[in-house]
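Protein sequences, first through last, are from chains A and B.
Under the UniProt record's numbering, think of the first position of the first sequence as 1, with each following residue one higher.
Under the UniProt record's numbering, think of the first position of the second sequence as 1, with each following residue one higher.
Step one of this worksheet: look at the structure below.
There are 2 protein chains.
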Amino acid sequence: MKDKNMLMIPGPTPVPAQVLQAMAKHPIGHRSGDYSKIQEEVSANLKWLHQTAQDVQMLTVSGTGAMEAGIINFLSRGDRVLVGCNGKFGERWGEVAEAYGLNVERITAEWGKPLDPAAFQEKLAADTEKQIKAVILTHSETSTAVLNDLETINKAVKEHGEALIMVDAVTSMGAISVPIDEWGLDVVASGSQKGFMIPPGLGFVAVSEKAWKAYETANLPRYYLDLGKYRKATAKHTTPFTPPVNLVFGLQVALQMMREEGLEAIFARHQRLTQGTRAAVKALGLSPFAPDDCASPAVTAVLPTGIEAEAIRSTLRNKFDIAMAGGQDHLKGKIFRIGHLGFVCERDILAAIAALEATLQQLGYEGATPGAGVAAAAAVFVG
Amino acid sequence: MKDKNMLMIPGPTPVPAQVLQAMAKHPIGHRSGDYSKIQEEVSANLKWLHQTAQDVQMLTVSGTGAMEAGIINFLSRGDRVLVGCNGKFGERWGEVAEAYGLNVERITAEWGKPLDPAAFQEKLAADTEKQIKAVILTHSETSTAVLNDLETINKAVKEHGEALIMVDAVTSMGAISVPIDEWGLDVVASGSQKGFMIPPGLGFVAVSEKAWKAYETANLPRYYLDLGKYRKATAKHTTPFTPPVNLVFGLQVALQMMREEGLEAIFARHQRLTQGTRAAVKALGLSPFAPDDCASPAVTAVLPTGIEAEAIRSTLRNKFDIAMAGGQDHLKGKIFRIGHLGFVCERDILAAIAALEATLQQLGYEGATPGAGVAAAAAVFVG
Numbered sequence: 001m002k003d004k005n006m007l008m009i010p011g012p013t014p015v016p017a018q019v020l021q022a023m024a025k026h027p028i029g030h031r032s033g034d035y036s037k038i039q040e041e042v043s044a045n046l047k048w049l050h051q052t053a054q055d056v057q058m059l060t061v062s063g064t065g066a067m068e069a070g071i072i073n074f075l076s077r078g079d080r081v082l083v084g085c086n087g088k089f090g091e092r093w094g095e096v097a098e099a100y101g102l103n104v105e106r107i108t109a110e111w112g113k114p115l116d117p118a119a120f121q122e123k124l125a126a127d128t129e130k131q132i133k134a135v136i137l138t139h140s141e142t143s144t145a146v147l148n149d150l151e152t153i154n155k156a157v158k159e160h161g162e163a164l165i166m167v168d169a170v171t172s173m174g175a176i177s178v179p180i181d182e183w184g185l186d187v188v189a190s191g192s193q194k195g196f197m198i199p200p201g202l203g204f205v206a207v208s209e210k211a212w213k214a215y216e217t218a219n220l221p222r223y224y225l226d227l228g229k230y231r232k233a234t235a236k237h238t239t240p241f242t243p244p245v246n247l248v249f250g251l252q253v254a255l256q257m258m259r260e261e262g263l264e265a266i267f268a269r270h271q272r273l274t275q276g277t278r279a280a281v282k283a284l285g286l287s288p289f290a291p292d293d294c295a296s297p298a299v300t301a302v303l304p305t306g307i308e309a310e311a312i313r314s315t316l317r318n319k320f321d322i323a324m325a326g327g328q329d330h331l332k333g334k335i336f337r338i339g340h341l342g343f344v345c346e347r348d349i350l351a352a353i354a355a356l357e358a359t360l361q362q363l364g365y366e367g368a369t370p371g372a373g374v375a376a377a378a379a380v381f382v383g
Numbered sequence: 001m002k003d004k005n006m007l008m009i010p011g012p013t014p015v016p017a018q019v020l021q022a023m024a025k026h027p028i029g030h031r032s033g034d035y036s037k038i039q040e041e042v043s044a045n046l047k048w049l050h051q052t053a054q055d056v057q058m059l060t061v062s063g064t065g066a067m068e069a070g071i072i073n074f075l076s077r078g079d080r081v082l083v084g085c086n087g088k089f090g091e092r093w094g095e096v097a098e099a100y101g102l103n104v105e106r107i108t109a110e111w112g113k114p115l116d117p118a119a120f121q122e123k124l125a126a127d128t129e130k131q132i133k134a135v136i137l138t139h140s141e142t143s144t145a146v147l148n149d150l151e152t153i154n155k156a157v158k159e160h161g162e163a164l165i166m167v168d169a170v171t172s173m174g175a176i177s178v179p180i181d182e183w184g185l186d187v188v189a190s191g192s193q194k195g196f197m198i199p200p201g202l203g204f205v206a207v208s209e210k211a212w213k214a215y216e217t218a219n220l221p222r223y224y225l226d227l228g229k230y231r232k233a234t235a236k237h238t239t240p241f242t243p244p245v246n247l248v249f250g251l252q253v254a255l256q257m258m259r260e261e262g263l264e265a266i267f268a269r270h271q272r273l274t275q276g277t278r279a280a281v282k283a284l285g286l287s288p289f290a291p292d293d294c295a296s297p298a299v300t301a302v303l304p305t306g307i308e309a310e311a312i313r314s315t316l317r318n319k320f321d322i323a324m325a326g327g328q329d330h331l332k333g334k335i336f337r338i339g340h341l342g343f344v345c346e347r348d349i350l351a352a353i354a355a356l357e358a359t360l361q362q363l364g365y366e367g368a369t370p371g372a373g374v375a376a377a378a379a380v381f382v383g
């Protein structure tokens, strides 16, 4: 059946029909008063979602572009930075930092395990000369479905006093609370095709006053990704470069929907989806790749034993038209990932788990009792 | 009347209904076979439009981001570059080059006048040590509606032999022939919201073999804008970073429409629209800002005398719901600009000119004979 695809990947995530309709409106001029009115509303709602009083900068980029902007605007060549690496995206930020000539020290953890806050605390405490200028880490590591302990690592950064904390919140923003102002997070980057419930094409960067102060002396080269240009324009409800007007139409509607649902309700929904998915996976005799105490609110990675991850994915795709994500880099073929981020409800999880059960049956997997997964998810949802 | 706006600005340009509808489809995963099939088709059609056998790289950026990528991937810190500056965009490329520590020499012309090819030829001929690594210029300078003589300037670059030519074709691609392979243009950048007939959010960069050779030793920092990453991915019909899937749906349809119309027909249409607009402007006693022999095929800038440019724009907007562009920087309030790029037909020009005539009447302008503008445009279109 055509066009019946169900997206259960960690991005692009499902998009509400009213967002798609808004995107299909004819574009308007981005230098018009009508556009500025939309951007003013969007700006206010982005601050609400980011739990910050600062303007959130909006760029025409993917999540990687947003995070790169977050790193390169506040540092100078040779600056020492700590980068948390326990998955594909943490490693990417290390590569970005090196591409710009920063002095990168990686704090690593095995893929599938969380970063150890004590490792950051030690490095930061030992740096009495305050040479560490930034700590860069991924909050929800999409590649492994691990949620890093941002709150505790941030406390160590705050004790250090000098370093900025730069956070990839690409799959945590809109899925779990990221209280930017309360915690004093300096740079928080995210992307539209995740918790924002709109298609890819927009990146967001929230920036603290402390980071803007660092901006004044930071000397890494940039122009299109120069957040200072965005800051000036955003304050006047406009953009330094042509924005993707139709995606902004969609963002306007998506943010209205999010405000109507409410932050706490959104976060609680993602918790239920996560718990239901994990309970189901366990009930089917499969293992969540990430431990319970560091489960991403956006995605659950599953490590199947006695059955091929790629066989599960292709049967889900071919027989049930459900897209789940595979593993990345050395996890390719070893895990599969179930996205439960954004415009996803409990019914979607029940449907996906039911299809997963049927897939396991079809593949002759004998480790699971048919119905056990759905029953376990249902127990979470009705509990 | 709501939502009856007519876009006569040089970007975003009008978008066909079938493109808007394609954009409103639910996104699919960008790592899926279905997405790769679309990208394969789009890639082939981009090559056709760009008149090149090379893959055209597609980035999630505005036109500025595309041009920055085109500059920074093929040069190294301290490299000497010539930048043609006769408008806002030429000046912007000088700023980009300086932001990355290039040794910038500007070749300027008054805004509204074309760049002098002889000035490039002299500089290049004098550079016997081949220290000039690139010549950067804007083909159609959107801010002044001047078309620079790319063909002649390119010949001087080819005689030099060493320098790359880097072209901002943001408002010329899809409006006038830019025969990339035939002329040997090294870097040609453009953006989706112009001749491509889709909303903003995608940038394109075509790159010659010679430029890719320079890439191997170029050392300016980049990651998100690293075209080498795009090149590898494009060859496999995928993207290094998440693409704006819904805009790509729109691009697919727009390129199909362009192929159906045919390159020569598209260029001829833009010539007729340009000639009709200019004839009408003159017949109304107003002056095209750019001389006839360097008229942009995308936009006509008008210098009114005895009447305020901004009064014309606001009456057109308020009474007829037509958006025309104002002047930029020091031309603000002095000129207005009529876009005739992309999904624009002769009827659109007749309507816009008729509304312009009515606007002039409403504002008490006595320099024009009512009907003279429409008659002059019609004479071009039926001729």
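The C-beta atom is built at its ideal place from N, Cα and C for all residues, glycine as well.
Output yes or no for whether 8 Å exceeds the beta carbon distance between residue i and residue j.
| i | j | result |
| --- | --- | --- |
| Val135(A) | Val104(A) | no |
| Asn5(A) | Ile28(B) | yes |
| Gly63(A) | Ser190(A) | yes |
| Gly184(B) | Ser208(B) | yes |
| Ala175(A) | Ala298(A) | yes |
| Val380(A) | Gly306(A) | no |
| Met173(B) | Gly203(B) | no |
| Thr242(B) | Gly90(A) | no |
| Ala354(B) | Leu284(B) | no |
| Asp55(B) | Arg231(B) | yes |
| Arg278(A) | Glu346(A) | no |
| Asp149(B) | Pro200(B) | no |
| Ala325(A) | Phe336(A) | yes |
| residue 386(A) | Thr234(B) | Since the first residue of chain A shown is 1 and the last is 383, residue 386(A) is not available in this structure. |
| Gln121(A) | Ala156(A) | yes |
| Pro244(B) | Pro244(A) | yes |
| Leu356(B) | Leu303(B) | no |
| residue 449(B) | Gly339(B) | This structure cannot settle anything about residue 449(B), because the visible part of chain B is limited to 1 through 383. |
So if DSSP puts residue i in a beta bridge, which residue, or which two residues, is it bridged to?
| i | result |
| --- | --- |
| Asp55(B) | In DSSP, Asp55(B) forms no bridge with anything. |
| Ala126(A) | In the DSSP output, where bridge partners are listed per residue, Ala126(A) has none listed. |
| Leu331(B) | DSSP, once it has assigned bridges, lists no residue as partnering Leu331(B). |
| Asp168(A) | Thr138(A) and Ala189(A) |
| Ala379(A) | None; Ala379(A) has no bridge partner. |
| Asn148(B) | For Asn148(B), which the question treats as bridged, DSSP gives no partner whatsoever. |
| Asp205(A) | The question names Asp, yet the displayed sequence has Val at residue 205(A). Paired residues: Gln57(A) and Ala189(A). |
Starting from the Cα of residue i, find the closest Cα among the options and give me that residue.
| i | options | result |
| --- | --- | --- |
| Ile180(A) | Leu49(A), Lys37(A), Gln252(A) and Asp293(A) | Leu49(A) |
| Leu124(A) | Tyr230(A), Arg92(A), Thr142(A) and Glu162(A) | Glu162(A) |
| Met67(B) | Glu159(B), Leu147(B), Val167(B) and Pro114(B) | Val167(B) |
| Glu310(B) | Gln328(B), Gly250(B) and Thr242(B) | Gln328(B) |
| Ile198(A) | Val382(A), Ser36(A), Ala325(A) and Val344(A) | Val344(A) |
| Leu225(B) | Val374(B), Glu91(B), Ser43(B) and Met58(B) | Met58(B) |
| Leu255(B) | Met8(B), Asp3(B), Ala22(B) and Lys2(B) | Ala22(B) |
| Lys210(A) | Val187(A), Asn219(A), Ser192(A) and Gly201(A) | Val187(A) |
| Val81(B) | His160(B), Ala280(B) and Lys334(B) | His160(B) |
| Leu75(B) | Gly326(B), Pro244(B), Arg222(B) and Leu303(B) | Arg222(B) |
| Gly101(A) | Leu220(A), Arg92(A) and Glu40(A) | Leu220(A) |
| Ile72(A) | Cys85(A), Glu98(A) and Lys47(A) | Glu98(A) |
| Glu182(B) | Val42(B), Ala169(B), Val170(B) and Glu151(B) | Glu151(B) |
| Ser192(A) | Ser177(A), Thr138(A) and Phe249(A) | Phe249(A) |
List, in order along the chain, the chain C residues whose C-beta lies closer than 8 Å to that of residue i?
| i | result |
| --- | --- |
| Thr60(A) | Among the chains of the structure shown, chain C does not appear; the protein chains present are A and B. |
Contact between the stretch 215-223 of chain A and the stretch 254-273 of chain A (3+ Cβ pairs under 8 Å): Taking one beta carbon from each stretch, the stretch 215-223 of chain A and the stretch 254-273 of chain A have fewer than 3 pairs nearer than 8 Å; the two do not touch.
Interfacial residues, the stretch 188-210 of chain A to chain B, with Cβ spacing under 8 Å: Hits within the stretch, in order: Gly191, Gln193, Pro199, Pro200 and Gly201.
Residues of the stretch 239-272 of chain A whose Cβ lies closer than 7 Å to any Cβ of chain B, in chain order: Shown in chain order are the members of the stretch 239-272 of chain A whose Cβ falls below 7 Å from a Cβ of chain B: Phe241, Thr242, Pro243, Pro244, Val245, Asn246 and Leu247.
Segment contact, 8 Å Cβ cut-off, at least three pairs: the stretch 19-38 of chain A with the stretch 6-23 of chain B: Contact between the stretch 19-38 of chain A and the stretch 6-23 of chain B is present: 3 or more CB-CB pairs across the two stretches fall below 8 Å.
Three or more C-beta pairs below 8 Å linking the stretch 31-44 of chain A and the stretch 237-257 of chain A: These segments touch.
Cβ contact check for the stretch 137-145 of chain A and the stretch 104-120 of chain A: 3 or more pairs under 8 Å: Touching, yes, given that three or more Cβ pairs across the two stretches are closer than 8 Å.
Members of the stretch 86-107 of chain A that neighbour chain B once the beta carbon cut-off is set at 8 Å: Shown in chain order are the members of the stretch 86-107 of chain A whose Cβ falls below 8 Å from a Cβ of chain B: Glu95, Val96, Ala99, Tyr100 and Gly101.
Residues of the stretch 9-22 of chain A with Cβ closer than 8 Å to any Cβ of chain B, in chain order: Answer in chain order: Ile9, Gly11, Pro12, Pro14, Val15, Leu20 and Gln21.
Cβ-based contacts, 9 Å cut-off: residues of the stretch 303-327 of chain B near chain A: Taking 9 Å as the cut-off between beta carbons, the residues of the stretch 303-327 of chain B near chain A are Arg317, Ala323, Ala325 and Gly326, in sequence order.
Chain A contacts from the stretch 334-364 of chain B (Cβ-Cβ distance under 8 Å): Along the stretch 334-364 of chain B, none of the residues has a CB nearer than 8 Å to a CB of chain A.
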